[in-house]
Every structure is written in C-alpha cells, then in structure tokens.
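K.L.:
In UniProt numbering, the protein residues as written are 1 to 392.
One structure, pasted below without further comment.
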Amino acid sequence: MPINTDASFVDQMAPNVATLFLDRVAASPDREAFRYPQGESWESITWRQTGETVSALAAGLLALGIEPEQRVGIASNTRYEWILADLAVMCAGGATTTVYPSTNAEDTAYILSDSESRVVFVEDATQVKKLTDNKSELPHVSKVVVFDGAGDGDWVITLEELKTLGKGYLAEHPSAIEEKAQSIAPDQLATLIYTSGTTARPKGVRLRHRSWVFEGEAIKAQNILDESDLQFLWLPMAHSFGKVLLSAQLACGFASAVDGRVEKIVDNCASVKPTFMGAAPRIFEKAYGRIQTMQAAEGGAKEKLFHKAFAVGLQVEALKREGASIPVGLKLQHGLFDRLVFSKVRARFGGRVRFFISGAAALNREIAEWFNAAGIVILEGYGMTENSAGAT
Numbered sequence: 001m002p003i004n005t006d007a008s009f010v011d012q013m014a015p016n017v018a019t020l021f022l023d024r025v026a027a028s029p030d031r032e033a034f035r036y037p038q039g040e041s042w043e044s045i046t047w048r049q050t051g052e053t054v055s056a057l058a059a060g061l062l063a064l065g066i067e068p069e070q071r072v073g074i075a076s077n078t079r080y081e082w083i084l085a086d087l088a089v090m091c092a093g094g095a096t097t098t099v100y101p102s103t104n105a106e107d108t109a110y111i112l113s114d115s116e117s118r119v120v121f122v123e124d125a126t127q128v129k130k131l132t133d134n135k136s137e138l139p140h141v142s143k144v145v146v147f148d149g150a151g152d153g154d155w156v157i158t159l160e161e162l163k164t165l166g167k168g169y170l171a172e173h174p175s176a177i178e179e180k181a182q183s184i185a186p187d188q189l190a191t192l193i194y195t196s197g198t199t200a201r202p203k204g205v206r207l208r209h210r211s212w213v214f215e216g217e218a219i220k221a222q223n224i225l226d227e228s229d230l231q232f233l234w235l236p237m238a239h240s241f242g243k244v245l246l247s248a249q250l251a252c253g254f255a256s257a258v259d260g261r262v263e264k265i266v267d268n269c270a271s272v273k274p275t276f277m278g279a280a281p282r283i284f285e286k287a288y289g290r291i292q293t294m295q296a297a298e299g300g301a302k303e304k305l306f307h308k309a310f311a312v313g314l315q316v317e318a319l320k321r322e323g324a325s326i327p328v329g330l331k332l333q334h335g336l337f338d339r340l341v342f343s344k345v346r347a348r349f350g351g352r353v354r355f356f357i358s359g360a361a362a363l364n365r366e367i368a369e370w371f372n373a374a375g376i377v378i379l380e381g382y383g384m385t386e387n388s389a390g391a392t
C-alpha cells in the first residue's frame, strides 16, 4: 500500500481536538457516528446526537469548575460513554487522565493523585469503591461520575446528572462550548497517559491537542479511510493506540461500533460487519488458533480441503510479493478455494473487512501471511505513547 508523504495538511489542521470534533459534527450531522451494544442489538447514534451529549457533559464539567488543562480521570473499559467523557473533557478545555479499569486501587489512587485530577468518570460500583476506599488520598477530586449505577447524592453522581447540570449551564451560557473550543491552544495539554514502570511508580506522558489532531489528519491524508467505513473499536482507550483511532474517526468521519469486551470481538465483527479494526497481535493469534481448532474438530475431508486451500493461498501470495505471474491452473484453484474456504473465514469477521491494523507489539509473520492468504490484509504500525502512538 503506497504511503503519502505530502504533509501540506499540517497548515490546514484544526487547532485542537474540540474544534476537530465540532467541525465533524457540523460536516456530518446526520451520518452515523457510533453504535454500541444494547442488550442483543446495537444502538446507532448520529454525529448530531453525539455532539449534543458531549456539549452537555462538557458544560457540566465547566459548571463543576474545570479550568484549562485541569485533569479529569476516566477509569472504565472501552465503551461509548468512555468516548463521550473523553470528548467532553477536551471540549471543556480539560485534559483526560486515562486509567485502566484493571488497575488496582492503590495505583488508581496514585495516578489520580499524581495527576491532581479534579473529576473522575468511572464505569461502575467496582471502580467507585477504589476511589471511596482511598478518598483521603484524593484531596483534589471534587466529583465522581459513574456510568452504570446510582450516585450517593454527594461525591458520586451519575452521567445523567452531569448532563442535566450541563444543560442548565448551557441555558445560561449557550455558546460556552464553542467559545471554549476557540480558546484552546494547539500545545495545550489534552491527555495524560500513565505508562507502567518496572522499578518505580507509573509516569504520566503529556500529550497535546496538536498531537492527536496531527495523528487524525495524517491518517486521513493516506486516503485509506473515509465516511463509508465502519470501525470495530474494542482497544483499551487508556492506551494511545485506541486514542489514535478515535482521532482518525474525527478527521475521516467514519462510524465506530464500540465494545471493549475482548471475548466478544469475533462475534461482534460477524454481527456489525466492520471494514477495519485495530488490534494487538495476540488477538489475531487467538483468532487464528480458534479457526484452526474448529477445522481440526471437523476432521476428514473438510480439514484436508481447508489446509489445501491455505497451501494454495500462501503460494499465490508469495508469487504476488515477488511480482511473478500466477499460473492459470493455480489461479483457478485459488478462485475455487476463495469461494469454498476463504470467504467463510472472512465471514467470521463480517465479510466486509478491507484490512486490520496490528500494533503494540510485533506480529508473527506466519499469522500475517495466513490472514493475507484468506484475503484479509493486516497493516502493521509502530509507535510509542510519547509520540501519540502512530509513527510508521
């Protein structure tokens, strides 16, 4: 896949993530922005609806006194509400402190204390307890906002209560969010991501608005994604990889189906039929292993057909890489196996995947070639949290 090295887009970039988001809402108000699981089905949300909710939540944060670059924590699995909270924080001029939901109570309290987070969004009662048990260590936290569950009428409030507070604020200050977005400088702090230390406490990596906007626009400039795409987003949003894909969504305008449950990835892909997905190598390894196990259980002629198909597929892909012509007989076999075998593998992931993106570790070449033989390209990226993830 050719790489576009033209960086002229830098001169036209939005100054901050808040403006990038509001511009997307204005450009694509009635297009789907997100979908998320609701029972056995998926709820679809437009950019206009997302914009209204984010504005209300951002106004709620302003009503709570959040000032420029003040930190707001999020301790939750990947879900639609995580994204709403993150966008609201940046639209309010604050900076998101990301916390993995699996982080123990002691380290959670340390991260929130070290970052001097003023407000914390949490997923459920489990995350609330981590904070209430360590409240004395969190002198800066004025409010905890819970996604699932009830508030306590004081320190802990619900997401809906924050939204109601924000609507009241907007009634008195109707242009507050637009004005706030205009005031955010490109180099203003947008995110603090704490990386785990092997010999010491986690350390926060400071990432600016300019960093996320650049990532989104740089991906858009490659012309591999547009409004017609559908991402399946499961990656931990506390990690920079997930945040980069959100930035790309704001720049490109595609929709994302969001569900962070790792055990549901393959089933969710079959259901929502995404055109692309980002993942760590272990996800592709697990999918490969699961499909191999299923074929071994079939046994007999079906298993032999499966292995013969991939032997042919790997041979065809090797010839393509070398720029060699594919013999007619091999081409006919490949076409037959594509209908009988490869199409079924692709169907396990919804049947519409154009490519996967692998990052966070090196992908085993054998796994990459196996997926490629099935007609599913896996692109690899390299980056570090310190450079907002995407480098190559």
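Where is the CB? At the ideal position from N, CA and C, for every residue including glycine.
All values reported here derive from a predicted model rather than from experimental measurement.
Pick helix, strand or coil for Ser-228, following the three-state DSSP scheme.
P.N.:
Position 228 of the sequence shown holds residue 228. Of the three classes helix, strand and coil, the one that applies to Ser-228 here is coil, per DSSP.
K.L.:
From Ile-193 to Leu-332, what does the alpha carbon distance come to, in whole angstroms?
P.N.:
Residue 193 sits at position 193 when you count from the first residue of the sequence shown. Residue 332 sits at position 332 when you count from the first residue of the sequence shown. Computed Cα separation, rounded: 51 angstroms.
K.L.:
Determine the burial state of Asn-16: buried for a count of at least 16 other Cβ atoms within 10 Å of its Cβ, exposed for fewer.
P.N.:
Walking along the sequence shown from the start, residue 16 turns up at place 16. Classification for Asn-16: buried.
K.L.:
Starting from residue 465, follow its DSSP beta bridges and name the residues at the other end.
P.N.:
Nothing can be reported for residue 465: it is not among the residues displayed for the chain, which extend from 1 to 392.
K.L.:
Let me confirm a value: Glu-217 is counted as buried when at least 16 other C-beta atoms fall within 10 Å, else exposed. Which label applies?
P.N.:
As a first step, residue 217 must be located in the sequence shown, where it is residue number 217. Label assigned to Glu-217: buried.
K.L.:
Could you give the distance in angstroms between the alpha-carbon of Val-316 and the alpha-carbon of Ala-185?
P.N.:
For the purposes of this step, residue 316 is identified with residue 316 of the sequence shown, where counting begins at 1. For the purposes of this step, residue 185 is identified with residue 185 of the sequence shown, where counting begins at 1. Looking at the two C-alpha atoms, the distance is approximately 51 angstroms.
K.L.:
Beta carbon of Ser-55, beta carbon of Leu-170: below 8 angstroms?
P.N.:
Within the sequence shown, residue 55 is the residue found at index 55, counting from 1. Within the sequence shown, residue 170 is the residue found at index 170, counting from 1. Cβ atoms of Ser-55 and Leu-170: closer than 8 angstroms.
K.L.:
In terms of alpha-carbon separation, which member of Val-25, Ala-63 and Ile-224 lies closest to Gln-49?
P.N.:
Locating residue 49 in the sequence shown gives position 49, counting from the first residue. Closest option to Gln-49, Cα to Cα, is Val-25.
K.L.:
Measuring CA to CA, which of Glu-106, Glu-123, Leu-61 and Ala-95 is closest to Ser-142?
P.N.:
For the purposes of this step, residue 142 is taken as residue 142 along the sequence shown, with counting starting at 1. When only C-alpha atoms are compared, the closest one is Leu-61.
K.L.:
If we ignore side chains and look at the alpha-carbon of each, how far apart do residue 393 and Lys-130 end up?
P.N.:
As displayed, the chain neither begins before 1 nor continues past 392, which places residue 393 out of reach and without an answer.
K.L.:
Rounded to whole angstroms, what is the Cα-Cα separation between Ser-211 and Val-128?
P.N.:
The residue given as residue 211 occupies position 211 in the sequence shown. The residue given as residue 128 occupies position 128 in the sequence shown. Each residue's Cα considered, the two are about 31 angstroms apart.
K.L.:
Mapping DSSP to helix, strand and coil, what is Ala-105?
P.N.:
Counting from one through the sequence shown, the residue named residue 105 turns up at place 105. It is helical.
K.L.:
Could you check whether the segment 279–293 touches the segment 352–364, counting it as contact only if at least three pairs of C-beta atoms, one from each stretch, sit closer than 8 angstroms?
P.N.:
Result yes; three or more Cβ-Cβ pairs closer than 8 angstroms.
K.L.:
Given that a residue counts as buried once 16 or more other Cβ atoms are within 10 Å of its Cβ, and exposed if not, what is Met-294?
P.N.:
The sequence position of residue 294 within the sequence shown is 294, counting from 1. Exposed, because fewer than 16 other Cβ atoms sit within 10 Å of the Cβ of Met-294.
K.L.:
To which residues of the same chain is Ala-125 closer than 6 angstroms at the C-beta, ignoring the five residues directly before and after it?
P.N.:
Reading the sequence shown from its first residue, position 125 is the one you call residue 125. Gly-149, listed in sequence order.
K.L.:
Express the C-alpha separation of Ile-357 and Asn-372 in angstroms, rounding to a whole number.
P.N.:
For the purposes of this step, residue 372 is identified with residue 372 of the sequence shown, where counting begins at 1. For the purposes of this step, residue 357 is identified with residue 357 of the sequence shown, where counting begins at 1. Taking the straight line joining both Cα atoms gives about 13 angstroms.
K.L.:
What residue range does the beta strand (DSSP E) around Thr-158 cover?
P.N.:
Within the sequence shown, the letter at position 158 stands for residue 158. Segment 156–158, the beta strand (DSSP E) holding Thr-158.
K.L.:
Find out if the Cβ-Cβ distance for the pair Phe-349, Ala-270 is shorter than 8 angstroms.
P.N.:
For the purposes of this step, residue 349 is taken as residue 349 along the sequence shown, with counting starting at 1. For the purposes of this step, residue 270 is taken as residue 270 along the sequence shown, with counting starting at 1. Yes, they are a contact pair.
K.L.:
With 16 as the cutoff for other CB atoms within 10 Å, does residue 468 come out buried or exposed?
P.N.:
In the structure as shown, the chain starts at 1 and stops at 392, and residue 468 therefore has no counterpart that could be examined.
K.L.:
Span of the alpha helix (DSSP H) holding Gly-65?
P.N.:
Mapped onto the sequence shown, residue 65 falls at position 65. Premise fails: Gly-65 is in no alpha helix (DSSP H) and is neither H nor E.
K.L.:
Going by the CB atoms, is the gap between Ala-95 and Ala-58 shorter than 8 angstroms?
P.N.:
The residue labelled residue 58 in the question sits at position 58 within the sequence shown. The residue labelled residue 95 in the question sits at position 95 within the sequence shown. No, these two residues do not count as a Cβ contact at 8 angstroms.
K.L.:
Where does the unbroken beta strand (DSSP E) through Tyr-194 begin, and where does it stop?
P.N.:
Within the sequence shown, the letter at position 194 stands for residue 194. From DSSP, the beta strand (DSSP E) with Tyr-194 extends over 189–195.
K.L.:
Do Phe-241 and Gly-278 come within 8 angstroms of each other at the CB atom, strictly closer than that value?
P.N.:
Locating residue 278 in the sequence shown gives position 278, counting from the first residue. Locating residue 241 in the sequence shown gives position 241, counting from the first residue. In contact: Gly-278 and Phe-241 (Cβ atoms closer than 8 angstroms).
K.L.:
Give me the residue from Lys-273, Phe-337, Val-258 and Phe-306 with the minimum Cα distance to residue 480.
P.N.:
Past the edges of the chain, shown from 1 to 392, lies residue 480, and the structure says nothing about it.
K.L.:
Residues bridged to Lys-320 by DSSP?
P.N.:
By one-based count along the sequence shown, residue 320 stands at place 320. BP columns for Lys-320 are empty, so no partner.
K.L.:
When DSSP labels each residue in this structure, what does residue 408 get in the three-state scheme?
P.N.:
The question about residue 408 has no answer here: the residues shown for the chain are numbered 1 through 392.
K.L.:
Return the chain-ordered list of same chain residues with a C-beta closer than 8 angstroms to the C-beta of Glu-116, the five sequence neighbours on each side being excluded.
P.N.:
Your numbering for residue 116 matches position 116 in the sequence shown. Closer than 8 angstroms at Cβ, skipping near neighbours: Gln-70, Arg-71 and His-140.
K.L.:
By the three-class DSSP mapping on this structure, what secondary structure does Ser-175 have?
P.N.:
Taking the sequence shown and counting its residues from 1, one reaches residue 175 at position 175. Residue state, collapsed to three classes: coil.
K.L.:
With a Cβ-Cβ cutoff of 8 angstroms, do Gly-323 and Ser-28 count as a contact?
P.N.:
Within the sequence shown, residue 323 is the residue found at index 323, counting from 1. Within the sequence shown, residue 28 is the residue found at index 28, counting from 1. Not in contact: Gly-323 and Ser-28 (Cβ atoms no closer than 8 angstroms).
K.L.:
Check the C-beta distance from Ala-238 over to Thr-98 and give it rounded, since I have them as a contact under 8 angstroms.
P.N.:
Against the sequence shown, residue 238 aligns to sequence position 238. Against the sequence shown, residue 98 aligns to sequence position 98. Correct: roughly 4 angstroms between the Cβ atoms.
K.L.:
Just to confirm the assignment, what range does the beta strand (DSSP E) spanning Gly-289 have?
P.N.:
Sequence index remark: in the sequence shown, residue 289 carries index 289 (1-based). Element bounds for Gly-289: not the beta strand (DSSP E) but the alpha helix (DSSP H), 281–298.
K.L.:
What's the C-alpha gap between Ala-257 and Gly-39?
P.N.:
Working through the sequence shown from its first residue, we reach residue 257 at position 257. Working through the sequence shown from its first residue, we reach residue 39 at position 39. Their backbone Cα atoms lie some 14 angstroms apart in a straight line.
K.L.:
According to the neighbour-count rule (16 or more other Cβ atoms, all chains shown, within 10 Å of its Cβ), is His-307 buried or exposed?
P.N.:
Within the sequence shown, the letter at position 307 stands for residue 307. Its Cβ having fewer than 16 others within 10 Å, His-307 is exposed.
K.L.:
Alpha helix (DSSP H) containing Gly-329: first to last residue?
P.N.:
On the sequence shown, residue 329 is found 329 positions in, with the first residue counted as 1. Unbroken alpha helix (DSSP H) run through Gly-329: 328–337.
K.L.:
Straight-line CA distance for Leu-246 to Glu-32?
P.N.:
Numbered from 1 along the sequence shown, position 246 holds the residue referred to as residue 246. Numbered from 1 along the sequence shown, position 32 holds the residue referred to as residue 32. Taking the straight line from one Cα to the other gives about 14 angstroms.
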